[in-house]
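S.K.: If you scroll down you'll find the structure; I have some questions about it.
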Amino acid sequence: MSDSSCCKNCQPASIGKKVIMALSGLVLAGFVFGHMIGNLTVFKGAAAINEYAEFLHAHPGLIWSARTVLIISVIAHIWSGVLLTIENRIARAGGPAVEVTRRASLSSRTMPYSGVIILAFIIFHLLHYTFRTIALGGQEFGPNVYGMIVAGFSQPAVAVFYIASMILLCLHLSHGISSVFQTLGLRNERWRGRLDVLATLYGWVIALGFISIPLAVLLGRLK
Amino acid sequence: MVKPSEQSSHDSERTLALRLRVWRQLRGGEGHFEEYSLAAVPVSASFLEMMDMLNEQLIREGKDTVAFDHDCREGICGMCSMTINGMPHGPIPGVTTCQLHMRNFRDGETITVEPWRARAFPVLKDLAVNRSAFDKVIQAGGFITVRTGSATEANNTLIPKPIADEAMDAAECIGCGACVASCKNGSAMLFVGAKINHLNILPQGQPERERRTLAMVKTMDDAGFGNCTNYGECQAHCPKGITLDVIAKLNRDYLRARVKEFFSSTGKARKGGE
Ligand code: HEM
Ligand code: SF4
Ligand code: FES
Numbered sequence: 013m014s015d016s017s018c019c020k021n022c023q024p025a026s027i028g029k030k031v032i033m034a035l036s037g038l039v040l041a042g043f044v045f046g047h048m049i050g051n052l053t054v055f056k057g058a059a060a061i062n063e064y065a066e067f068l069h070a071h072p073g074l075i076w077s078a079r080t081v082l083i084i085s086v087i088a089h090i091w092s093g094v095l096l097t098i099e100n101r102i103a104r105a106g107g108p109a110v111e112v113t114r115r116a117s118l119s120s121r122t123m124p125y126s127g128v129i130i131l132a133f134i135i136f137h138l139l140h141y142t143f144r145t146i147a148l149g150g151q152e153f154g155p156n157v158y159g160m161i162v163a164g165f166s167q168p169a170v171a172v173f174y175i176a177s178m179i180l181l182c183l184h185l186s187h188g189i190s191s192v193f194q195t196l197g198l199r200n201e202r203w204r205g206r207l208d209v210l211a212t213l214y215g216w217v218i219a220l221g222f223i224s225i226p227l228a229v230l231l232g233r234l235k
Numbered sequence: 006m007v008k009p010s011e012q013s014s015h016d017s018e019r020t021l022a023l024r025l026r027v028w029r030q031l032r033g034g035e036g037h038f039e040e041y042s043l044a045a046v047p048v049s050a051s052f053l054e055m056m057d058m059l060n061e062q063l064i065r066e067g068k069d070t071v072a073f074d075h076d077c078r079e080g081i082c083g084m085c086s087m088t089i090n091g092m093p094h095g096p097i098p099g100v101t102t103c104q105l106h107m108r109n110f111r112d113g114e115t116i117t118v119e120p121w122r123a124r125a126f127p128v129l130k131d132l133a134v135n136r137s138a139f140d141k142v143i144q145a146g147g148f149i150t151v152r153t154g155s156a157t158e159a160n161n162t163l164i165p166k167p168i169a170d171e172a173m174d175a176a177e178c179i180g181c182g183a184c185v186a187s188c189k190n191g192s193a194m195l196f197v198g199a200k201i202n203h204l205n206i207l208p209q210g211q212p213e214r215e216r217r218t219l220a221m222v223k224t225m226d227d228a229g230f231g232n233c234t235n236y237g238e239c240q241a242h243c244p245k246g247i248t249l250d251v252i253a254k255l256n257r258d259y260l261r262a263r264v265k266e267f268f269s270s271t272g273k274a275r276k277g278g279e
C-alpha cells in the first residue's frame, strides 16, 4: 500500500462502485413496487389497509429484515452515488465552453438531483407516516392507518409534494433501471431500446400507482 | 458526407468567410479564447486545412501559431483532437476532424474550437492535449504476450467469423479520445471497452484475459478518468461508430475477472488445516 491516500485504497474501482449502485438501486426499485402494491389496498377500504398494516406490525421479524436490507441499500446507494458524482465532476475539468448534448436523456443528466430530492422525500415520508411526527396536526391515529392517510393527504401542499416526488422517482427509475442492465453487462444495441422502454414503463407504473392515493384524497374519492 | 462526384464545380469554387473563436493556452498557463477572421476558405478544404490557413495568416502577421495535433489526415491515426462548436470532431457523426470538410459550415459562421477537456488529458498548448493516459492503459494490458520468431500455422487457431467481425469492429477504435471529451463524466469506458473487447473475445487474448481486464481498469481509474453513468454521449460522438455494447461487455468481463480473482486457488492447503 504505497499510495498514501487511504480513500483510493479502500474504495472499490469505478466499475465496482457502479455495481454497488446498480444492486442497491435494484433492491430499492423492487421495494417501491412491493410498497406500492401494499398501499393500493387503501382502495379496498379502511378495513383492508388497516388489516395489512396490522399484519406487518404483528411480524416484527419480517418488517425488520426488510428494513435492514433497505437501510443498507440506501446507505450504499447514496455513498456510491455521492462518490461517483464528485469524481465525475473533477474528471470533467469544467467541460467545454460550448456544451452539446446529442443523446444523454434528461433523466440521465438529472440523476443526482432527482436522487437528492427523493432522499428529502424519504426523510419527510418517514417522519410523516412512520414516526408520525409532522404534518398530521398532532392527531393520534393508532391502528387507523386509513384515517392517517386521508388526514395526511387532505392538506393539498402535502399531497402535491408527494405527487411531485413520485414524478421525480419515475424520472430516476426510467434511467436507473435500464442502467442496471448495462452496469451488470446484460445489455446490447438490440436490447438497449427495449430496456429503455421497459425502464420508463416501470417508472410510470410505480409513479402512477403511488400518485393515485394522494390524488384520490384530493379529489374526495377517499375519505 | 457529399461524395466528390456529387459536388458541382460551382460548389468546389465556393468560399467562406469565417469568424473563429480559438482556445489559446501556454503550457501551465490559464488559457482563453481568441477571435480571428479568416476569409476565402474553400468549401472543399478540410477543417485541418482551414486551421493551416489560419496559421499561415498568423505567421504573416508575425504572431504565434495555433498548436494542434494531426498526423495521417485520413481518419485513421486518431491525432486530430478538436472540439468544434462543442462537438468532438465536429458536427458530422462518424467523421474525424481531418475528414470534416468546410462545406458543412455556413458563410459568416462563428466557429468555436477547443481542446479535449478532461482532467486526464491536460492541455499542452492551445488545442494539443497530452493523451499519455491512453498509452498507459494500453501498456497495462492492450496486448497479447507471444513468443516471436516461431510463428505457428495460422489455421491452427480457428476463429468463427462472427467473433472475428466483432473483434474487428472493436479494433476500429483509433484512440482519439473523443469519447472522453464528449462524456459529461470524462469517462474513458468506450475506449477501454473497445480495447478490452478487441482482445478478450479472441482465442489469442484468453490467457491474459482476467489480468488484462483488471490492469486496464485500474490504470484507467488511476489516470483520473470519470465513471460511466450510461449517458451514451461517447457513442454519439465516436468517429468510428464504437457502441455502448463494448462497455456492457467490459463491465461483464470485469465482474467475471473479480469473481475469478476472489475465488482463485492458491494451490496449497489452508494453514493449520489437513
Ligand atoms: C436516496 C436518494 C437517492 C440518491 C441520492 C440517488 C442517486 C443516484 C445516482 C447519483 C445514481 C447514478 C446515476 C447513474 O449512474 O446513472 C443513481 C442510480 C440509480 N438509482 Fe438512485 N438515488 C436515490 C434514490 C433511489 C431510489 C429510492 C431508487 C429506487 C426506487 C433508486 C434507484 C436507482 C437505480 C436503479 C439506479 C441505477 C444504477 C445504475 O446506474 O446501474 N435510487 N441514483
Ligand atoms: S472509442 Fe471512438 S471516440 Fe473513443 S478513442 Fe476510440 S475511436 Fe475515439
Ligand atoms: S489526423 Fe489522423 S485521424 Fe485525423
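Residue numbers (our numbering), protein chains in the order written: chain A, 13 to 235; chain B, 6 to 279.
The C-beta atom is built at its ideal place from N, Cα and C for all residues, glycine as well.
Here the structure is a predicted model, which means the values were calculated and not measured.
Between Tyr41 (chain B) and chain C, is there a C-beta pair that is closer than 8 angstroms?
M.R.: Absent from the structure is chain C; the protein chains it does hold are A and B.
S.K.: Under 7 angstroms: does the beta carbon of Ala199 (chain B) sit that close to some heavy atom of the ligand SF4?
M.R.: Yes.
S.K.: Can you tell me the Cα-Cα spacing of Leu52 (chain A) and Arg263 (chain B), whole angstroms?
M.R.: Straight-line Cα distance between these residues: approximately 42 angstroms.
S.K.: Can you find the residues in the same chain that come closer than 6 angstroms, C-beta to C-beta, to Val27 (chain B), ignoring five residues on each side of it along the sequence?
M.R.: Taken in chain order, the residues that qualify are Glu39, Val71 and Val118.
S.K.: Mind checking who Gly231 (chain B) pairs with in its DSSP beta bridge?
M.R.: BP columns for Gly231 (chain B) point to B:Ser192.
S.K.: Could you tell me whether the stretch 206–224 of chain A touches the stretch 34–48 of chain A, where touching means 3 or more Cβ pairs closer than 8 angstroms?
M.R.: Counting Cβ pairs under 8 angstroms, three or more are found: they touch.
S.K.: Note the first and the last residue of the continuous beta strand (DSSP E) segment covering Thr20 (chain B).
M.R.: First-last of the beta strand (DSSP E) with Thr20 (chain B): Thr20 to Arg29.
S.K.: Closer than 7 angstroms by beta-carbon distance: list the chain B residues that pair up with Thr195 (chain A), in chain order.
M.R.: What Thr195 (chain A) touches in chain B: Asn256.
S.K.: For Ile130 (chain A) versus His184 (chain A), is the C-beta distance shorter than 8 angstroms?
M.R.: Taking 8 angstroms as the Cβ cut-off, Ile130 (chain A) and His184 (chain A) qualify as a contacting pair.
S.K.: Express the C-alpha separation of Cys243 (chain B) and Phe126 (chain B) in angstroms, rounding to a whole number.
M.R.: Approximately 17 angstroms between the Cα atoms of the pair.
S.K.: Extract the residue ranges of the alpha helix (DSSP H) inside the stretch 101–151 of chain A, only unbroken runs of 4 or more that lie entirely within it.
M.R.: The qualifying runs are 118–121 and 123–137.
S.K.: At a Cβ threshold of 8 angstroms, is Val7 (chain B) touching chain A?
M.R.: Below a pLDDT of 50, predicted positions are generally treated as unreliable, and Val7 (chain B), at 49, falls in that range; the measurement from the model is reported next regardless. Closer than 8 angstroms: no.
S.K.: Looking at Ala211 (chain A) and the ligand SF4, is the gap between the Cβ and the nearest heavy atom below 7 angstroms?
M.R.: No, the ligand SF4 has no heavy atom inside 7 angstroms of this Cβ.
S.K.: For the beta strand (DSSP E) containing Tyr236 (chain B), list its first residue and its last residue.
M.R.: Careful: Tyr236 (chain B) lies outside any beta strand (DSSP E) and carries neither H nor E.
S.K.: Comparing the C-beta of Met92 (chain B) with each C-beta of chain A, is any distance below 8 angstroms?
M.R.: True, the Cβ-Cβ gap to chain A drops below 8 angstroms.
S.K.: Among the candidates B:Ile81, B:Glu61, B:His37 and B:Cys77, whose CA atom is the shortest distance from the CA of Ala176 (chain B)?
M.R.: Considering only alpha carbons, the answer is B:Ile81.
S.K.: Roughly how many angstroms separate the alpha carbons of Ala228 (chain B) and Ala138 (chain B), rounded to a whole number?
M.R.: Whole-angstrom Cα-Cα distance: 6 angstroms.
S.K.: Closer than 8 angstroms, Cβ to any Cβ of chain B: which residues of the stretch 198–214 of chain A, in chain order?
M.R.: Residues Leu198, Arg199, Asn200, Glu201 and Arg204.
S.K.: Between which two residues does the alpha helix (DSSP H) holding Glu171 (chain B) run?
M.R.: Taken as a continuous stretch (DSSP letters only), the alpha helix (DSSP H) holding Glu171 (chain B) covers Lys166 to Ala176.
S.K.: Under 8 angstroms Cβ-Cβ, which residues of chain A neighbour Phe242 (chain B)?
M.R.: The identity of residue 242 (chain B) in the sequence shown is His, whereas the question assumes Phe. Here the neighbours are Arg114.
S.K.: Which residue comes first and which comes last in the beta strand (DSSP E) that contains Ile118 (chain B)?
M.R.: As written in the sequence, residue 118 (chain B) is Val, which differs from the Ile given in the question. Thr115 to Glu119 is the span of the beta strand (DSSP E), which, as asked, contains Val118 (chain B).
S.K.: In whole angstroms, what separates the C-alpha of Tyr158 (chain A) from that of Gln151 (chain A)?
M.R.: Roughly 13 angstroms separates the two Cα atoms.
S.K.: In whole angstroms, give me the CA-to-CA distance for Ser14 (chain A) and Asp226 (chain B).
M.R.: Residue confidence is low: Ser14 (chain A) scores 36 on pLDDT, short of 50, so the model does not pin down where it sits. No coordinate-derived value is stated.
S.K.: Kindly examine the ligand FES and report whether one of its heavy atoms sits closer than 7 angstroms to the Cβ of Gly95 (chain B).
M.R.: For the ligand FES, not one heavy atom lies less than 7 angstroms from the Cβ of Gly95 (chain B).
S.K.: Strictly under 8 angstroms for the Cβ-Cβ distance: is Lys235 (chain A) near chain B by that measure?
M.R.: For Lys235 (chain A), the answer is no, since every Cβ of chain B falls outside 8 angstroms of its Cβ.
S.K.: For the beta strand (DSSP E) containing Leu43 (chain B), list its first residue and its last residue.
M.R.: Its beta strand (DSSP E) spans residues His37 to Pro47.
S.K.: Does DSSP put Lys273 (chain B) in a helix, in a strand, or in coil?
M.R.: DSSP places Lys273 (chain B) in coil when its eight states are reduced to three.
S.K.: List the residues of chain A that Glu238 (chain B) touches, going by C-beta distances under 9 angstroms, in chain order.
M.R.: What Glu238 (chain B) touches in chain A: Val112, Thr113, Arg114, Arg115 and Ala116.
S.K.: When the Cα atoms are used, what is the spatial distance from Ala309 (chain A) to Ile98 (chain A)?
M.R.: As displayed, chain A neither begins before 13 nor continues past 235, which places residue 309 (chain A) out of reach and without an answer.
S.K.: Would you say Leu25 (chain B) lies against chain A (beta-carbon separation less than 8 angstroms)?
M.R.: For Leu25 (chain B), the answer is no, since every Cβ of chain A falls outside 8 angstroms of its Cβ.
S.K.: For Arg32 (chain B), which option in B:Asp74, B:Val128, B:Gln104 and B:Ala123 has the closest C-alpha, if you only look at C-alpha atoms?
M.R.: Selected option, being the one with the closest Cα: B:Val128.
S.K.: Within 10 Å of its beta-carbon, does Trp76 (chain A) have 16 or more other beta-carbons around it, so buried, or fewer, so exposed?
M.R.: It counts as exposed.
S.K.: Evaluate contact between the stretch 149–168 of chain B and the stretch 61–79 of chain B, counting only Cβ atoms and requiring at least three cross-stretch pairs below 8 angstroms.
M.R.: Contact between the stretch 149–168 of chain B and the stretch 61–79 of chain B is absent, because fewer than three Cβ pairs lie under 8 angstroms.
S.K.: Take every Cβ of the stretch 199–212 of chain B, pair it with every Cβ of the stretch 161–176 of chain B, and state whether three or more of those distances are shorter than 8 angstroms.
M.R.: Counting Cβ pairs under 8 angstroms, three or more are found: they touch.
S.K.: Between Ile90 (chain A) and the rest of its own chain, which residues show a CB-CB distance below 6 angstroms, the 5 nearest in sequence each way excluded?
M.R.: If we look at Ile90 (chain A) and ignore the five residues flanking it on each side, it has no Cβ neighbours.
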